[in-house]
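One structure below.
Residue numbers (the numbering used here), protein chains in the order written: chain A, 1 to 190; chain B, 191 to 380.
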């Protein structure tokens, strides 16, 4: 059996698998040359963590608005798998907060809320090169690059003070909450 | 250069890639020998389509309950990618409806709703071997296998009459709605 007859099909198989692997969504974060974050175009294929409706951290009192904002949170696959193993986030973790308008009446639906168009996208990134180790970037509805929020923005202080795991709101992500508790990384009463 | 010195590392590379490919979530549906559907254990790694809160298809009137049910819908990756290309669902499409309790006050949250524990999981499956081409299976909170719903269940008639694409509620999935409209598979006014 000639070398070529063995090696060529094997290399073909390797290439086929590499192409197949290339189909998997990439979730490495990338920065533009001006330091802004590039829009993570495929975040809807990342891991969904949870969704909220009209959540507010201010004292309640006002009635729920007619069309409260809804939000979805997604995290890149690599960080999710790392978290399942360790209860902690690796460097380059990216969490996308997608804020949408809500709708109440539409098609056959007569009550409650379903999700409408995008209002804004923000990304929370763990990066050891950033001051404090984490940064927030705002993309509006869908800008190509996101500007960093200033360190004075309340998102920094609120996440640092109240995030159950490493400045992230794992207390609102049911599937991760039990993991963090089992791994001993969960901070109660945040 | 010996045959072994070339082939062995190449085969090693193939095996490494195959193991890596094996990490990707599998989403093929499987039936138990009694015809029940096996629980799709990794559905939280599937593609998230949307989330609703206290949605109702009955005439409104009753006020939103204090803790309305919330639901998340996931679809297997292969079906999602097929839909993006065609606006239609392939055979073996699996859509998971995950119903959760909602919470309102917890941690620093003071209003609106966030997602709590699972109440029930149901799966909607496209399978040409099923009567009518689609079936529904109920798993309670997390049973190992799901019993098929009888054809008399209202889910069948409601999905058939009102689903915007092939008995599915694409009208409530913002990212798919635009795809179906572009591909000409969207039925308006459902």
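Just so it is clear, CB atoms sit at the ideal spot from N, CA and C, and this is done for glycine as well.
On a predicted model such as this, the values are computed, not experimentally measured, just so you know.
| Check | Outcome |
| --- | --- |
| Between residue 214 (chain B) and residue 124 (chain A), what straight-line distance do the alpha-carbon atoms span, to the nearest angstrom? | Here the model assigns residue 214 (chain B) a pLDDT of 47, short of 50, so the residue's position is not dependable, and the following value carries that caveat. Cα to Cα, residue 214 (chain B) sits roughly 25 Å from residue 124 (chain A). |
| Just mark residue 374 (chain B) as buried or exposed, buried being the case when its beta carbon has 16 or more other beta carbons within 10 Å. | exposed |
| Taking Cβ-Cβ distances shorter than 8 Å, what residues in chain B pair up with residue 54 (chain A)? | 301, 302 and 303 |
| Using only the alpha-carbon positions, how far apart do residue 376 (chain B) and residue 237 (chain B) sit? | 20 Å |
| Check residue 110 (chain A) in the structure and name its three-state DSSP category. | coil |
| For a minimum of 4 consecutive residues, which ranges assigned as the alpha helix (DSSP H) are wholly contained in the segment 304-354 of chain B? | 344-352 |
| Show which residues of chain B have a CB atom less than 8 Å away from the CB atom of residue 87 (chain A). | Residues of chain B passing the Cβ test: none, with the nearest at roughly 17 Å. |
| Can you tell which of B:310, B:347, B:366 and B:301 has its C-alpha closest to the C-alpha of residue 328 (chain B)? | B:310 |
| Can you find a CB in chain B that lies within less than 9 Å of the CB of residue 157 (chain A)? | no |
| Per DSSP, residue 358 (chain B) forms a beta bridge with which residues? | B:355 |
| Alpha carbon to alpha carbon, how far is residue 255 (chain B) from residue 130 (chain A)? | 44 Å |
| Per DSSP, which one or two residues make a beta bridge with residue 254 (chain B)? | Paired residue(s): none; residue 254 (chain B) is not in a bridge. |
| List, in chain order, every chain A residue whose beta-carbon is nearer than 8 Å to that of residue 220 (chain B). | Here the premise fails: no neighbours, minimum Cβ distance about 22 Å. |
| Please classify residue 272 (chain B): does DSSP put it in a helix, a strand, or coil? | helix |
| For a cutoff of 9 Å on Cβ pairs, would you count residue 45 (chain A) as touching chain B? | yes |
| Can we say the segment 86-93 of chain A touches the segment 37-47 of chain A, given the rule of at least three CB pairs closer than 8 Å? | no |
| Give the DSSP-derived three-state secondary structure of residue 233 (chain B) in the structure shown. | helix |
| Helix, strand or coil for residue 181 (chain A) per DSSP? | helix |
| Does the segment 261-276 of chain B come within contact of the segment 292-304 of chain B, defined as at least 3 CB pairs closer than 8 Å? | no |
| List the whole-angstrom C-beta distance separating residue 239 (chain B) from residue 265 (chain B), where the pair is believed to meet the contact cut-off of C-beta under 8 Å. | 6 Å |
| Would residue 285 (chain B) pass as an interface residue toward chain A - the criterion being a Cβ-Cβ separation below 9 Å? | no |
| Given 8 Å as the limit, tell me if residue 295 (chain B) has its C-beta closer than that to any heavy atom belonging to the ligand NAP. | Looking for the ligand NAP in the displayed structure turns up nothing, as the structure carries no ligands at all. |
| In chain B, which residues lie with their C-beta within 9 Å of the C-beta of residue 175 (chain A)? | 234 |
| Considering only the beta carbon of each residue, do residue 107 (chain A) and residue 362 (chain B) sit closer than 9 Å? | yes |
| Do residue 289 (chain B) and residue 260 (chain B) have their C-beta atoms closer together than 9 Å? | yes |
| So is residue 22 (chain A) in contact with chain B if we call contact Cβ pairs under 9 Å? | Any reading at residue 22 (chain A) must be qualified, since the residue scores a pLDDT of 40, below 50, and its modelled position is unreliable; the value itself is stated next. Chain B, which has no Cβ nearer than 9 Å to the Cβ of residue 22 (chain A), makes this no. |
| Which of the three DSSP states is assigned to residue 21 (chain A) in this structure? | The predicted model places residue 21 (chain A) with a pLDDT of 41, which falls under 50 and marks its position as unreliable; any figure quoted below should be read in that light. Helix. |
| List the residues of chain B that residue 117 (chain A) touches, going by C-beta distances under 8 Å, in chain order. | 364 |
| Quick one: is residue 332 (chain B) buried, meaning 16 or more other Cβ sit within 10 Å of its Cβ, or exposed? | exposed |
| Could you give the distance in angstroms between the alpha-carbon of residue 245 (chain B) and the alpha-carbon of residue 128 (chain A)? | 42 Å |
| At 9 Å on the CB atoms, spell out the chain B contacts of residue 72 (chain A), in chain order. | 238, 240 and 241 |
| Which value, in whole angstroms, describes the spacing of the CA atoms of residue 225 (chain B) and residue 345 (chain B)? | 19 Å |
| Using only alpha-carbon positions, find the residue among A:28, A:45, A:174 and A:149 that is nearest to residue 94 (chain A). | A:28 |
| Whole angstroms is fine: what's the gap from residue 176 (chain A)'s alpha carbon to residue 109 (chain A)'s? | 31 Å |
| Could you tell me whether any Cβ in chain B is nearer than 9 Å to the Cβ of residue 100 (chain A)? | yes |
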